[in-house]
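There are 2 protein chains.
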Amino acid sequence: MKKFEIITEADARAIDVGATVELAKGGHVTPLAKDTLAARRVTVIPAGSADASLPGDLAPVSAIRRIAIGNDHTGIALKKALVQHLRGQAIAVTDTGTDQTDPVDYPDIAAAVARMVARGEADAGIVIDGAGIGSAIAANKIRGVRAAMCTDETIARYSREHNGANVMTLGSSLLSGHDAAIRIVDVWMGTPMKEARYIRRLLKIRRLEQNPD
Amino acid sequence: MKKFEIITEADARAIDVGATVELAKGGHVTPLAKDTLAARRVTVIPAGSADASLPGDLAPVSAIRRIAIGNDHTGIALKKALVQHLRGQAIAVTDTGTDQTDPVDYPDIAAAVARMVARGEADAGIVIDGAGIGSAIAANKIRGVRAAMCTDETIARYSREHNGANVMTLGSSLLSGHDAAIRIVDVWMGTPMKEARYIRRLLKIRRLEQNPD
């Protein structure tokens, strides 16, 4: 990684688009360089901090021990099957409902699960609605949550490995059965996030949460 | 919401761009007014069918005329194919890049497209990365954006009809080819959001945006 004592506009232009560079302690970035760095999407981090510069709470919990699970009226049977499966693996499961067949709005159930994950009351969350699309949209509105609609095992694995998903959503009407859903959940929970280059991108998601307009 | 018995071309010009108006039962829209309404992206609904308590700007733009499209380094070829297809249908396309093969972080490209949609500079957005997962997470962090990862035509249709998606994300490495992607995009763009019960749920998503912690 390139290291700078000072970053001028000329330096900024020479840095690769999208790169991350180090700035020495007490170092300086000129105002014009700041604009160029932003335009080139360069990330400047304190020297020597490289991976250590990444906040420790960015990557999702690797070994999931506590799961929050919620569902709308279409997902009761699937939710029950998953709760049984997870408890059978000694996972602590908080079931936020519903167990009623009256229609429930997906933003409500997604928010209940997402807020538990964001507050650290659960290591990860699962939300079930008809297609899993709406719950993913709603859960992602909560700061600190990265929700992925997991339609198959490949997406489930990618969403953890590459995107550090801490909430998965499932479509009760789109999955081919409870066994298929259980396989997707197992892959998702069993895939950790390891690579620093992927974790660094989560910092950019956090910045969007801080600047959502 | 404004209500009309008849909408003339002069009326159509006076309606706010992107607005939704009511047409009385047996009401009439002149042929010239139809063109102007389409150009101004005005949605005309039957009188009494709207839930008066719902803000008029909740549902996504029905007749998409302006698209913002962005992609990471894996999606250049697919982006070009989609731009050509969309322009061939007289859609105004803003291509936010990249056209370079240097790695680009998905939160950056997703945010560029999402902010254009949130600001009303585009009616809808398309973001392409390797799997489409990360871009959906990142785009949903922007207020006013509902982003759905569209892996097939069914999800594409649901995401508009049920969830009012105004941004779609595509996975360049997961789709089976440009033709498949074009079909997914066509279905997505051609599906309006109509039902008040679904639109009402978007209000709950907006409340999560206002209260993300």
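If you're matching them up, the sequences are chains W and G in order.
Everything in the first sequence is counted per my numbering, starting at 35 for the first residue and increasing by one.
Everything in the second sequence is counted per my numbering, starting at 35 for the first residue and increasing by one.
Every residue, glycine too, gets a C-beta built ideally from N, C-alpha and C.
Since the model is a prediction, treat every value here as computed from it, not as a measurement.
Whole angstroms is fine: what's the gap from residue i's alpha carbon to residue j's?
i	j	result
K68/W	G61/W	13 Å
M223/G	A44/G	28 Å
S193/W	P89/G	34 Å
A97/W	A46/G	59 Å
M150/W	A102/W	7 Å
P80/G	A172/G	36 Å
A182/G	N105/G	15 Å
A124/W	L116/W	13 Å
A158/G	T108/W	29 Å
V221/G	R191/G	6 Å
R121/W	R99/W	10 Å
D247/G	L92/W	16 Å
T64/W	R75/W	16 Å
Could you have a look at residue i and say whether DSSP puts it in helix, strand or coil?
i	result
T54/G	strand
T188/W	helix
M223/G	helix
T135/G	coil
P65/G	helix
G164/G	coil
I176/W	coil
D106/W	coil
E229/G	coil
M35/W	coil
L204/G	strand
P141/G	helix
I98/W	coil
T70/W	helix
I239/W	helix
V76/W	coil
Within 10 angstroms of its Cβ, does residue i collect 16 or more other Cβ (buried), or is it exposed?
i	result
L66/G	exposed
G211/G	exposed
S180/W	Note that residue 180/W is Arg in the sequence shown, not Ser. By the neighbour-count rule (16 or more Cβ atoms within 10 Å), R180/W is buried.
D136/W	exposed
R235/G	buried
A111/W	exposed
D139/W	buried
A48/W	exposed
I176/W	buried
A215/W	buried
Between residue i and the ligand SAH, is the CB less than 8 Å from at least one heavy atom?
i	result
L120/W	Looking at this structure, you won't find the ligand SAH or any other ligand, since it has none at all.
Using a Cβ cut-off of 7 Å, pull out every chain A residue sitting near residue i, in sequence order please.
i	result
K36/W	Checking the listed chains, one finds no chain A in this structure; the protein chains it contains are W and G.
**OP:** Anything in the segment 95–117 of chain W with a Cβ closer than 9 Å to a Cβ of chain G? List those residues in chain order, please.
**Re:** none
**OP:** Name, going along the chain, the residues of the segment 178–203 of chain W whose beta-carbon falls closer than 8 Å to a beta-carbon of chain G.
**Re:** Hits within the stretch, in order: R180, A181, A182, M183, T185, T188, I189, Y192, S193, H196, N197, A199.
**OP:** Answer yes if the segment 188–202 of chain G comes into contact with the segment 147–162 of chain G, meaning at least three C-beta pairs across the two stretches below 8 Å, and no otherwise.
**Re:** yes
Original post:
Is it a yes or a no for the segment 223–239 of chain W touching the segment 158–165 of chain G, going by three-plus beta-carbon pairs under 8 Å?
Top reply: no
Original post:
Of the residues that make up the segment 118–148 of chain G, which ones have a beta carbon closer than 9 Å to any beta carbon in chain W?
Top reply: T132, Q134, D136, P137, V138, D139, Y140, P141, D142, A144, A145, A148
**OP:** Check distances from the C-beta atoms of the segment 156–168 of chain W to those of chain G and list, in chain order, the residues that come in under 7 Å.
**Re:** A165, I167, G168
Original post:
When Cβ atoms are compared, which residues of the segment 219–242 of chain G fall closer than 7 Å to chain W?
Top reply: R235, K238, I239, L242
Subject >> Contacting positions in the segment 60–90 of chain W - beta carbon closer than 8 Å to chain G >> reply: Cβ contacts with chain G come from R75.
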